[in-house]
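Shown next, in structure tokens, is the structure this report addresses.
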Amino acid sequence: MQQTTYAAPRSLDEAVGLMAAAGGAARILAGGTDLLVQMRAGSLAPGAIVDVKKIAEMTTIVEEAGGFRIGAAVNAAEIGEHDALRRAWPGVVEAINLIGSKQVQGRASAGGNLCNASPAADSAPALVAAGAILAVQGPKGRRQLPVEKLHAGPGRTMLERGEILVSIALPARPAHSGDAYLRLIPRTEMDIAVVGCGVSLAMEGDTCVAARVGLGAVAPTVMLVEAAGAALAGSRLDEAALEKAAAACRAACRPIDDKRGTIAYRTKIAGVLVKRAALIAARRAGGH
Amino acid sequence: MSRVHVSAVVNGEPVEFLCDPTQTLLDVLRDQLGLTGSKEGCGSGDCGACSVTIDGRLACACLALGAEMEGCSIGTIEGLAQGDQLHPLQKKFVEAAALQCGVCTPGFLVASKALLDRNPDPTETEIRYWLAGNLCRCTGYDKIVRAVMEVAAEMKETAR
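Taken in sequence, the protein lines are chains A and B.
Just so we're aligned: the first sequence equals residues 121 to 408 in the numbering used here.
Just so we're aligned: the second sequence equals residues 697 to 856 in the numbering used here.
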């Protein structure tokens, strides 16, 4: 039987080296709330576990260029306790704080939620709406990736072999901007999104001047719905504009039928959530 | 097998142990350190019966590796009582019959203490959301929630 090794490097270079040495058999361990479940279920038997929680850049939140850089391994509880981040990006924080129980929140990271690549990952639609940029480091050095380009399909990312998601950068906020994330689940807590929708927008008076919409659990990957953002931008978020955004979201849906929701239901709900999330984001922006 | 040597603190006491790289913290606590208060319910982070604190944060011991604990401070149910003196939450759970079979109880107690340490005056809604990661198949939760509310109220009285 293959022996699994465990290492907790203190630098990214060392971590990248360990990943390369394991030749594709290594798995990153951040919060472990997905990895350990997969290992226990027998769906994964990594040759090497690379624990990244001793790497400072991956475990800290820094304010940078008017925005924030969240280490990919920062746990969700810590993100929820960061006052400045919560004020600037309430939608991103509420999405990340919807992942699992308090016990899971104490360990699970936004980076892990993204790299697990579930189409229903709660953090992803809000981060897509926010225009988050990922920093990725691997054997060929460092590169940046818009978060909406990360997912390749259920459980699959565009990260190349040996690459590590290092941090998630949120841009500076213009005045009068806000964001929101809504998900539909059949219970009040601790469930997987039937549909998840993030909206981030900027207002000038009563007019929405820029908007981005992220949609989850209705396609093989979380998506940026550009047409929905375009429908909101330039409008006063009146019913006609909201309905246009909803129609764009419905059109973008390519959902599955499963026990949590039918294709028709998920498609309809995508339109409902984008309208509600847009109005919450506008209220937070103070312009509506 | 190459085992990992770990130095950590458990309930305030320094401990050292050797573990397999894939051994969970829960297995280390129960099988190597003899701390069998933390229970294994699901083993996948859904039930909360293995709730512990790691560096002050509530976590499921089944979702952490023993190897990750180097330098960490871990709090388990065994650390709640001071000698023979039960923690107020433990006393109240007994008085209020906030348990039946008891398998979930250590997890509820550790989680409830983590809540009150952070928020000494939680609303019923806050308690119910905080404890949503702890499953109980006997009580219907109500007595547990009432017990935590009563302890919070009594702590507030004492603090006056």
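All C-beta atoms, glycine included, are put in the ideal place defined by N, C-alpha and C.
Because the structure is a prediction, the values reported are computed rather than measured.
Neighbouring residues, chain B, relative to residue i (Cβ below 9 Å)
i	result
A/E134	Those within 9 Å of A/E134 in chain B number zero; the least Cβ separation is about 16 Å.
A/A197	R753, L754
Beta-carbon gap between residue i and residue j smaller than 8 Å
i	j	result
A/A196	A/A300	no
A/A246	A/G334	yes
A/D154	A/A127	no
B/T835	B/L776	no
A/S287	A/G211	no
A/S229	A/M310	no
A/N217	A/G200	yes
B/F804	B/L782	no
A/G354	A/L321	no
B/V790	B/T772	no
A/R147	B/A760	no
Partners in chain A for residue i, counting only beta-carbon separations shorter than 8 Å
i	result
B/E822	Ordered by position in chain A, no residue passes the 8 Å Cβ test against B/E822, which lies about 11 Å from the chain.
B/G829	G220, S221, K222, Q223, V224, M310
B/S747	Q223
B/G744	S221, Q223
B/A843	Under the 8 Å cutoff, chain A gives no residues; its nearest Cβ is about 18 Å from B/A843.
B/A807	K222, Q223
Residue environment, residue i, which counts as buried when at least 16 other CB atoms sit within 10 Å
i	result
B/E712	exposed
B/K852	exposed
B/E764	buried
A/H408	The pLDDT assigned to A/H408 is 48, lower than 50, so where the model puts this residue is not dependable; a value taken from the coordinates is nonetheless given after this. Per the 10 Å Cβ criterion, buried.
B/D817	exposed
B/G708	exposed
B/C797	exposed
A/G144	exposed
A/T308	exposed
A/P259	exposed
A/A150	buried
A/V182	exposed
A/L393	buried
A/G251	buried
Residue i: contacting residues in chain A (beta-carbon distance under 7 Å)
i	result
B/P717	T124, T125, Y126, I169
B/V700	Y126
B/A704	Per Cβ cutoff of 7 Å: no residues; B/A704 is ~13 Å from chain A at best.
Contacts of residue i in chain B (Cβ-Cβ under 8 Å)
i	result
A/D157	Sequence inspection shows Val at residue 157 of chain A; the Asp mentioned does not correspond to that position. Within chain B, the residues near A/V157 are S740, G741, L759.
Interface partners of residue i on chain B, CB under 7 Å
i	result
A/T153	G741, L759
A/R160	G739, S740
Chain A contact residues for residue i, given Cβ-Cβ distances below 9 Å
i	result
B/Y837	Going along chain A, no residue has its Cβ under 9 Å from B/Y837, so there is no contact; the nearest lies around 13 Å.
B/E766	A128, K174
Residue-level contact to chain E via CB, residue i, 8 Å cutoff
i	result
B/T854	Any reference to chain E falls outside this structure, whose protein chains are A and B.
Determine which residues of the segment 769–794 of chain B have a Cβ less than 7 Å from any Cβ of chain A, and write them out in chain order. Residues: none.
According to a CB-to-CB cut-off of less than 9 Å, which residues of the segment 212–239 of chain A neighbour chain B? Residues of the segment 212–239 of chain A that bring their beta carbon within less than 9 Å of a beta carbon in chain B comprise G220, S221, K222, Q223, V224, Q225, G226, R227, A228, in sequence order.
Any C-beta of chain B within less than 9 Å: which residues of the segment 296–313 of chain A qualify? Along the segment 296–313 of chain A, going in chain order, the ones with a CB nearer than 9 Å to a CB of chain B are T308, E309, M310.
Complete alpha helix (DSSP H) runs within the segment 191–255 of chain A (minimum length 4 residues, chain order): Listed in chain order, the complete alpha helix (DSSP H) runs (minimum 4 residues) inside the segment 191–255 of chain A are 196–200, 203–208, 210–216, 222–225, 230–236, 243–250.
Report the start-end ranges of each alpha helix (DSSP H) in the segment 711–762 of chain B that is 4 residues or longer and not cut off at the edges. Runs of alpha helix (DSSP H) with 4 or more residues, each lying fully within the segment 711–762 of chain B, are absent.
Could you tell me which whole alpha helix (DSSP H) segments of length 4 or greater appear in the segment 779–840 of chain B? Taking only runs of at least 4 residues, the alpha helix (DSSP H) segments lying wholly in the segment 779–840 of chain B are 784–791, 801–814, 820–826.
Please give me, in chain order, every unbroken run of the beta strand (DSSP E) with length at least 3 that falls completely inside the segment 140–178 of chain A. Unbroken beta strand (DSSP E) runs of no fewer than 3 residues, entirely contained in the segment 140–178 of chain A, are found at 146–149, 168–171, following chain order.
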